[in-house]
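Undergrad: Have a look at the structure that comes next, please.
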Amino acid sequence: MTEERVEHLLAEVQDEFGVIRVLEVADYRFLEFGDAIEQSCVFTADPSWLEYDYTRAMLIGALCHEHPESALFLGLGAGTLTQACLKFLPLEDVEAIELRPDVPRLAIEYLGLDDDPRLYIRVGDALDLLETAEPADLIFVDLYTDVGPGVGHLAWSFLENCQKRLNPGGWLVINQWATDDGKPLGAALLRGLYHRHYWELPVKEGNVILLVPSELDQDLDMDGLIARAEGLAPRLGYSLQSLIKAIRPAT
1 MTEERVEHLL
11 AEVQDEFGVI
21 RVLEVADYRF
31 LEFGDAIEQS
41 CVFTADPSWL
51 EYDYTRAMLI
61 GALCHEHPES
71 ALFLGLGAGT
81 LTQACLKFLP
91 LEDVEAIELR
101 PDVPRLAIEY
111 LGLDDDPRLY
121 IRVGDALDLL
131 ETAEPADLIF
141 VDLYTDVGPG
151 VGHLAWSFLE
161 NCQKRLNPGG
171 WLVINQWATD
181 DGKPLGAALL
191 RGLYHRHYWE
201 LPVKEGNVIL
211 LVPSELDQDL
221 DMDGLIARAE
231 GLAPRLGYSL
241 QSLIKAIRPA
251 T
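Numbering (UniProt numbering), first residue to last: 1 to 251.
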């Protein structure tokens, strides 16, 4: 007999965009938007643990950079990826832009987000605030609502400006929805915008993580990526190798 999943509601708030809930199930806490749409999953004992392949794939995007010192997160959620990057990468300055003011508060109060002195959180629309963000070595785009990807995931000028905001040698990491054929949402737009010069990492949750370099002459150092991932595995507590093997050129 399997143990029944018992949900405990820890917090519920209503804002102009809808309902935000924090639920606890056994050793995990979940951030949900709207009608039970899960946004983030946190392992309570270790908030930097990345439970899902798509977050691990985004960490792989970060490891494309040899020595990142600055990162910009567009969309914070529970902050698990932010926590992991702060813990495992040599970052000195991290900025996060989150649309909904209650999300950072709930993340700190219930979801284990550290009040790290390197982390600066701003509340507002990433599409409006991007131009005032500091240039960064890593930029993560993860703008999801309770109905799917935010408009930024298909907005040419915004996605173009994300790439322009990268420091030389930087990487843009986009959590893109996958269509039924396994291609990223807006594949034609992305191919045109980034001149087919990016890599894709499909994951089982039905997303494709895009790894976009700052320059056209910048390549993905696969050997370096594998070595960095292998070196980190003992600290992470899991291997990234099977995901790295799934990296493919732009479709």
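No residue lacks a Cβ here, since even glycine has one placed at the ideal position from N, Cα and C.
When DSSP labels each residue in this structure, what does residue 6 get in the three-state scheme?
TA: Taking the sequence shown and counting its residues from 1, one reaches residue 6 at position 6. DSSP places residue 6 in coil when its eight states are reduced to three.
Undergrad: Got a sec? Which residues, its chain only, sit under 8 Å from residue 1 by beta carbon, not counting five neighbours each side?
TA: The residue labelled residue 1 in the question sits at position 1 within the sequence shown. Its pLDDT being 48, under 50, residue 1 is placed unreliably by the model, and the measurement read from it follows with that caveat. Here the set comprises nothing.
Undergrad: State whether the region 208–219 contacts the region 188–199, with contact taken as three or more CB pairs (one from each stretch) at a distance under 8 Å.
TA: Because the criterion of three Cβ pairs below 8 Å is met, the region 208–219 and the region 188–199 touch.
Undergrad: Looking at the structure shown, is residue 238 part of a helix, part of a strand, or coil, going by DSSP?
TA: Locating residue 238 in the sequence shown gives position 238, counting from the first residue. Three-state DSSP puts residue 238 in coil, outside helix and strand.
Undergrad: Enumerate in chain order the residues of its own chain whose CB-to-CB distance from residue 38 is below 6 Å, with the five nearest sequence positions on each side excluded.
TA: As a first step, residue 38 is located in the sequence shown; it is residue number 38 there, counting from the start. Same-chain partners within the cutoff: 30, 32.
Undergrad: What does DSSP give as the partner residue(s) for residue 179 in the beta ladder?
TA: Taking the sequence shown and counting its residues from 1, one reaches residue 179 at position 179. In the DSSP output, where bridge partners are listed per residue, residue 179 has none listed.
Undergrad: In this structure, what does DSSP give as the bridge partners for residue 83?
TA: Here residue 83 refers to the residue found at position 83 when the sequence shown is read from its first residue. In DSSP, residue 83 forms no bridge with anything.
Undergrad: Assign residue 222 to buried or exposed, taking buried as 16 or more other Cβ atoms, counted over all protein chains shown, within 10 Å of its Cβ.
TA: On the sequence shown, position 222 is the one that residue 222 refers to. Classification of residue 222: exposed, given that the 10 Å Cβ count is below 16.
Undergrad: Can at least three beta-carbon pairs, one atom from the region 158–173 and one from the region 55–66, be found at a separation below 8 Å?
TA: Because the criterion of three Cβ pairs below 8 Å is met, the region 158–173 and the region 55–66 touch.
Undergrad: Sorted by chain position, which residues of the same chain lie with C-beta nearer than 8 Å to residue 160's C-beta, five sequence neighbours on each side aside?
TA: Within the sequence shown, residue 160 is the residue found at index 160, counting from 1. Closer than 8 Å at Cβ, skipping near neighbours: 193.
Undergrad: Which residues does DSSP pair with residue 24 in a beta bridge?
TA: Looking up residue 24 in the sequence shown gives position 24. Answer is 8, 29.
Undergrad: In or out: residue 95 buried (at least 16 other Cβ within 10 Å) or exposed?
TA: Working through the sequence shown from its first residue, we reach residue 95 at position 95. Label assigned to residue 95: buried.
Undergrad: Which residues in the same chain as residue 130 place their Cβ atom closer than 6 Å to its Cβ, once the five residues preceding and following it in sequence are excluded?
TA: The count along the sequence shown starts at 1 and reaches residue 130 at position 130. Counting only Cβ-Cβ distances below 6 Å, and skipping sequence neighbours, we find 161.
Undergrad: Give me the DSSP bridge partner(s) of residue 199.
TA: On the sequence shown, residue 199 is found 199 positions in, with the first residue counted as 1. According to DSSP, residue 199 bridges with 211, 249.
Undergrad: Label residue 234 either buried or exposed according to how many other C-beta atoms from any shown protein chain fall within 10 Å of its C-beta, with 16 as the threshold for buried.
TA: For the purposes of this step, residue 234 is taken as the residue at position 234 of the sequence shown. With fewer than 16 other Cβ atoms within 10 Å, it is exposed.
Undergrad: Have a look at 46, 148, 231, 102 and flag the residue whose alpha-carbon is nearest the alpha-carbon of residue 206.
TA: Position 206 of the sequence shown, counted from the first residue, corresponds to residue 206. The shortest Cα separation from residue 206 among 46, 148, 231, 102 belongs to 148.
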